Amino acid sequence: MSRALRNIAIIAHVDHGKTTLVDQLLRQSGTFRLNQKMDERVMDNNDLEKERGITILAKNTAVEYNGTHINIVDTPGHADFGGEVERVLGMVNGVLLLVDAVEGPMPQTRFVTKKALALGLKPIVVINKIDRPGARADWVLNQTFDLFDKLGANDEQLDFHVIYASGLNGWACLDLKDAPSHGGSASDMKPLFETVLKHVPTPPGNPDAPLQLQLAALDYSTFTGRLGIGRVLNGRIKPGQQVVVMNHDKQISSGRINQVLGFQGLERIPVESAEAGDIIIISGLDEIGIGVTICDRDNPVGLPVLGVDEPTLTMDFMVNSSPLAGTEGKFVSSRQIRDRLNKELLTNVALKVEDTADADVFRVSGRGELHLTILLENMRREGFELAVGKPRVVYKEINGDKCEPYENLSIDLEDGHQGAVMEEIGRRRGELTNMESDGHGRTRLEYHIPARGLIGFQSDFMTMTRGSGLISHVFDDYGPVKADLPGRHNGVLISAEDGEAVAYALWNLEDRGR
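Residues 46 to 559 in my numbering are what the sequence shown spells out, letter by letter.
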C-alpha cells in the first residue's frame, strides 16, 4: 500500500456537516467522476441513518490526493454513539473538528474534542456552513479557543489551524475574505487537502518490527464471516499469514488470515500486504472482538484493551405478554431475543446486557435514549416482537455515597418560549449555568441536570417551543442523587383487545385519560 499516508477522523456535533463534507472530499479527490450520480451523504448507508439524517456507525473511506493516501473516518456526532468515537480516534493521527458557523461549539463538540485532546491529537478546526445566514465566524473561533482551554489543551493544541468552509457548496479557504459569501473566489477543497498533508503527521510504527494490529471495529460478511477493522501499529500483514489473537497479555486463539482489504473511496479492495500505519480489514479469524491485538505468531505482544465509558441508562427488554402478543413479529421467544442481544454485543461495544431473575427479562444498558432506541428499531425491523420497560438511570456508589449521572444541557430557543422552558427544567432539578442572548430574538441556555430529568423531555420541549427550539445534551459526570422528580400529570388508557368503538363511548373515556 502507498507509503505517503495520512489517517484522519472527522469529528463534530450532530448536524454540523461531517458526512456532507466527506461527500465533497470524495468527489473533489477524483474518487467519483464529475458526471457520476452520487447520493447525498453517501457514507450514511444504513437505513436508519438515511431516515434520521444522522451518523450512527463510524465509517472508513480513503482518497488519493497528490500521491498521498488519506484514510478518512466519519464518526457519529451523538454522544449516545460515543463508544464509536472513542475507539476510532485510536486509529488516526489527526482530526478535523467541524464547528457550525452559526451555532458554535455544542455539548457533543465538547465530548468528542475532550476525547481527541486526551489522546494528544492536534485538531484542525473547520468552521463549516460559513455561507449560512447569521454566520458569526469570529465568535465561533473565540468560543472554540475557550473550549480547548477549558478542556486542558496544551500550548501546541491551542495553536490550532483554522479553515473556513462550506461542505454543501464544496469550497474551503484559509482566510475569511476569500470566502464567496464574503466576496472572495474560493471554489474548491484544495486548502483543506493541503492543510491535512502539511499538518497531520504520518502514522508512527516500524514495518520491520513484529506484527501488532489492534481492532477498533467489527463488521460481518455473509461470505467471509466476521471482519476486523483496525490500524497496523507495527510490522506487516498479508493473506495466508499465521497469527495469534491476544487480549492484552492473554492469548485467546490463533489462526490464518484469509483476506486483507484496504479502503479506496467507498470500495474495499484486496491488498497483497499492509504495513505499519495502514488502516485495513482482515477476515478469517473467528475469535476476535473489539480491542484485541492480532500479533506475530513467533513474538506475540498484546496491547492494553481499549476502554469505553460506562453506560448511563438502562431498560428492561422482555417477552411480550400483552393481550396483543404474537400479532406483529416472527421472533417472539426469550431465546431468540437473547441471541439477538448477544449478537449485538459483538459490534456494539458501549452496550451491556445482563440476565435477571426472570428468564424472560433482560436488562440492557446503553449511553442514552437514542442509543437504545436505535437498537429497538433495528430489532423491530428485523421481525422481533418484544416489550420494554421505562428507561432508568444507572446509579453508582462513590466513596460510600449513592450517585447518579449528570448531563450538560444546551438549549437554543426564541425569547418568547424562555419562561415556560426554564420553569419545566427547574421542575426537573436542572441548574442554570449560563445564559446568553444573541440580540436577534434568540437565547442560549446551559444547564447542569440529572440524566433522569431529561428522560421524556425532548417531546415536551418541542411542544413548548413549537418546533423552533434546538436541544442537545452530553454526559458530564456522576454526582450526589437529587430529590425525587415530579411524576407525570396525565393518565394512560390501554386497550385490552381489538375491535370497533362507537364515538360516544370514547367521549366518556377522554376525561379519564387526563
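Using N, Cα and C, we set each Cβ at its ideal position, and we do this for glycine too.
Here the structure is a predicted model, which is why all the values come from computation and not from measurement.
Just to confirm before moving on: does the CB-CB distance between E332 and V277 stay below 8 angstroms?
Along the sequence shown, one-based indexing puts residue 332 at 287. Along the sequence shown, one-based indexing puts residue 277 at 232. Contact flag unset, no.
Pull up the DSSP beta-bridge partners for Y451, would you.
Mapped onto the sequence shown, residue 451 falls at position 406. Partner(s): P495 and D522.
Check whether the segment 157 to 171 touches the segment 466 to 485, counting contact only when three or more Cβ pairs, one atom from each stretch, lie closer than 8 angstroms.
no
Sort G212, S230 and L213 by Cα distance to D220 and report the nearest one.
Reading the sequence shown from its first residue, position 175 is the one you call residue 220. Nearest of G212, S230 and L213 to D220, Cα basis: S230.
Once the 5 residues before and after R78 are set aside, which same chain residues still bring their CB inside 8 angstroms of it?
As a working note, residue 78 is residue 33 in the sequence shown. Reliability of the predicted coordinates at R78 is poor, the pLDDT of 48 falling under 50, and no value is obtained from them.
Selection from V137, A528, D522 and R487 that minimises the alpha carbon distance to G471
On the sequence shown, position 426 is the one that residue 471 refers to. Out of V137, A528, D522 and R487, A528 has the C-alpha closest to the C-alpha of G471.
Unbroken beta strand (DSSP E) run spanning Y265, endpoints
For the purposes of this step, residue 265 is taken as residue 220 along the sequence shown, with counting starting at 1. Per DSSP, Y265 belongs to the beta strand (DSSP E) from Q257 to S266.
Outcome for L551 when other beta-carbon atoms lying within 10 angstroms are tallied against a minimum of 16:
The residue you call residue 551 lines up with position 506 of the sequence shown. Burial call: exposed.
Based on the DSSP secondary-structure assignment, which residues constitute the bridge partners of H114?
Counting from one through the sequence shown, the residue named residue 114 turns up at place 69. DSSP output for H114 lists L50 and E109 as bridge partner(s).
Taking the alpha carbon of V140 as the point to measure from, which residue in A146, I115, M151 and G149 has its own alpha carbon closest?
As a first step, residue 140 must be located in the sequence shown, where it is residue number 95. Ranking the options by Cα distance to V140, first place goes to I115.
Which first and last residues belong to the beta strand (DSSP E) in which L242 is found?
Looking up residue 242 in the sequence shown gives position 197. Not the beta strand (DSSP E): L242 falls in the alpha helix (DSSP H), residues K235 to H244.
Cβ of I282 within 8 angstroms of Cβ of I297?
The count along the sequence shown starts at 1 and reaches residue 282 at position 237. The count along the sequence shown starts at 1 and reaches residue 297 at position 252. Going by C-beta atoms, I282 is not nearer than 8 angstroms to I297.
If you count every other CB in all the chains shown that lies within 10 Å of the CB of A107, and 16 or more means buried, which is it?
As a working note, residue 107 is residue 62 in the sequence shown. A107 comes out buried.
Nearest residue (CA-CA) to D446, options D457, R181 and P525
Start at 1 with the first residue of the sequence shown, and residue 446 comes out as number 401. Of the candidates D457, R181 and P525, the one whose C-alpha sits nearest the C-alpha of D446 is P525.
The alpha helix (DSSP H) that contains Y549, what's its start and end?
Reading the sequence shown from its first residue, position 504 is the one you call residue 549. It spans A548 to E555 - the alpha helix (DSSP H) in which Y549 sits, taken as one unbroken run.
Anyone know if the C-beta pair for S455 and R487 falls short of 8 angstroms?
Here residue 455 corresponds to residue number 410 of the sequence shown, with the count starting at 1. Here residue 487 corresponds to residue number 442 of the sequence shown, with the count starting at 1. Their beta carbons are not under 8 angstroms apart, which means S455 does not touch R487 by this criterion.
Which of the three DSSP states is assigned to T392 in this structure?
For the purposes of this step, residue 392 is taken as residue 347 along the sequence shown, with counting starting at 1. Coil at T392, not helix or strand.
For the alpha helix (DSSP H) that contains T65, what are its first and last residues?
Numbered from 1 along the sequence shown, position 20 holds the residue referred to as residue 65. It spans K63 to Q73 - the alpha helix (DSSP H) in which T65 sits, taken as one unbroken run.
Looking at the secondary structure, which residues open and close the beta strand (DSSP E) in which I339 lies?
The residue you call residue 339 lines up with position 294 of the sequence shown. From DSSP, the beta strand (DSSP E) with I339 extends over T338 to D341.
Hey, is the segment 502 to 515 in contact with the segment 328 to 344, meaning 3+ C-beta pairs nearer than 8 angstroms?
no
Of the residues Q463, I335, L386 and G464, which one's Cα is nearest the Cα of R132?
Residue 132 sits at position 87 when you count from the first residue of the sequence shown. Taking only the C-alpha atoms, the option nearest R132 is I335.
With H, G and I counted as helix, E and B as strand and the rest as coil, what does DSSP make of E481?
Numbered from 1 along the sequence shown, position 436 holds the residue referred to as residue 481. It is a strand residue.
On the premise that E399 lies in contact with R408, defined as a C-beta separation below 8 angstroms, what is that separation, rounded to the nearest angstrom?
Locating residue 408 in the sequence shown gives position 363, counting from the first residue. Locating residue 399 in the sequence shown gives position 354, counting from the first residue. R408 to E399, Cβ: 4 angstroms. Contact.
Classify W216 as buried or exposed, calling it buried when 16 or more other Cβ atoms lie within 10 Å of its own Cβ.
What you label residue 216 is simply residue 171 of the sequence shown in a count that begins at 1. By the 10 Å Cβ count, W216 comes out buried.
According to DSSP, residues forming a beta bridge with E399
Locating residue 399 in the sequence shown gives position 354, where the first residue counts as 1. DSSP lists R408 as partners of E399.
Straight-line Cα distance separating A146 from Y523:
Stepping through the sequence shown from its first residue, residue 523 is reached at position 478. Stepping through the sequence shown from its first residue, residue 146 is reached at position 101. Roughly 32 angstroms separates the two Cα atoms.
Look up F205 in the DSSP assignment and give the residues it is bridged to.
Locating residue 205 in the sequence shown gives position 160, counting from the first residue. In the DSSP output, where bridge partners are listed per residue, F205 has none listed.
Between the C-alpha atoms of N279 and V118, what's the straight-line distance to the nearest angstrom?
For this step, residue 279 is matched to residue 234 along the sequence shown. For this step, residue 118 is matched to residue 73 along the sequence shown. Answer to the nearest angstrom: the Cα atoms are 20 angstroms apart.
Out of curiosity, what's the CA-to-CA distance linking E85 and D68?
Here residue 85 is taken as the residue at index 40 of the sequence shown, counted from 1. Here residue 68 is taken as the residue at index 23 of the sequence shown, counted from 1. Confidence at E85 is low in this model, with a pLDDT of 43, below 50, so the placement of that residue is unreliable and no value is reported for it.
Same chain only: Cβ atoms within 6 angstroms of S513, ignoring 5 sequence neighbours per side:
The sequence position of residue 513 within the sequence shown is 468, counting from 1. Correct list, in chain order: E459.
Within 10 Å of its beta-carbon, does H518 have 16 or more other beta-carbons around it, so buried, or fewer, so exposed?
Residue mapping note: residue 518 aligns to position 473 of the sequence shown, counting from 1. Classification for H518: buried.
Apart from the five residues just before and just after V337, which ones in its own chain have a Cβ nearer than 7 angstroms to its Cβ?
Locating residue 337 in the sequence shown gives position 292, where the first residue counts as 1. For V337, where only same-chain residues beyond five positions count, the Cβ hits under 7 angstroms are L260, V290, M291, N292 and I297.
Quick check: the Cα distance between L369 and D183, rounded to an integer number of angstroms?
Taking the first residue of the sequence shown as position 1, residue 369 is located at position 324. Taking the first residue of the sequence shown as position 1, residue 183 is located at position 138. Taking the straight line from one Cα to the other gives about 58 angstroms.
Nearest candidate by alpha-carbon position, reference L358, set G501, E469 and T247
Here residue 358 corresponds to residue number 313 of the sequence shown, with the count starting at 1. Of the listed residues, the one whose Cα sits closest to L358 is G501.
Looking only at its own chain, which residues have a Cβ that is under 6 angstroms from the Cβ of V406, when we skip the five neighbours before and after it?
Locating residue 406 in the sequence shown gives position 361, where the first residue counts as 1. D361 and M363, listed in sequence order.
Below 8 angstroms between beta carbons: does that hold for T113 and L242?
In the sequence shown, counting from the first residue as 1, residue 113 sits at position 68. In the sequence shown, counting from the first residue as 1, residue 242 sits at position 197. Yes, they are a contact pair.
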